[in-house]
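In structure tokens form, the structure reads like this:
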């Protein structure tokens with residue numbers, strides 16, 4: 497699945513690119529960050545079963561083997577910047 501950040505302003509665009517640059521320079525991930533940054537356009541909600549997929553299906557192979565390790569690595573590296581929940 498492709499990842500993309502949809503921005504609503506030039507400030508958001510600049511922030512998104514800066515965060516990607518920071519993560520790249522910090523070598524947080526082994527592979528290059530391929531997330532695209534694009535201006536927001538009309539958005540249509542997906543069906544209900546797609547909502548909160550990762551939260552509801554953490555043991556699905558895609559989530560368990562790809563998403564979970566990336567999220568854990570990100571949380572560890574940037575724990576000082578995350579809000580407590």
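In the numbering used here, the protein residues as written are 497 to 581.
Cβ coordinates follow ideal geometry from the N, Cα and C atoms, glycine included.
Keep in mind the model is a prediction, meaning the values are calculated, not measured.
Alpha carbon to alpha carbon, how far is residue j from residue i? Give it in angstroms, no decimals.
i: residue 574; j: residue 506; result: 24 Å
i: residue 554; j: residue 564; result: 8 Å
i: residue 517; j: residue 527; result: 13 Å
i: residue 560; j: residue 519; result: 22 Å
i: residue 540; j: residue 576; result: 34 Å
i: residue 529; j: residue 513; result: 11 Å
i: residue 548; j: residue 571; result: 19 Å
How far does the beta strand (DSSP E) with residue i in it reach, from first residue to last?
i: residue 535; result: 532-535
i: residue 550; result: Unbroken run through residue 550 is the alpha helix (DSSP H), 549-552; no beta strand (DSSP E).
i: residue 502; result: 500-503
For the alpha helix (DSSP H) that contains residue i, what are its first and last residues?
i: residue 524; result: Note, residue 524: premise wrong, no alpha helix (DSSP H); not H, not E.
i: residue 565; result: 564-573
Rounded to the nearest angstrom, how far is the Cβ of residue i from that of residue j, given a contact under 8 Å?
i: residue 536; j: residue 502; result: 4 Å
i: residue 515; j: residue 569; result: Not quite, the Cβ-Cβ distance comes to about 15 Å (not below 8 Å), so this is no contact.
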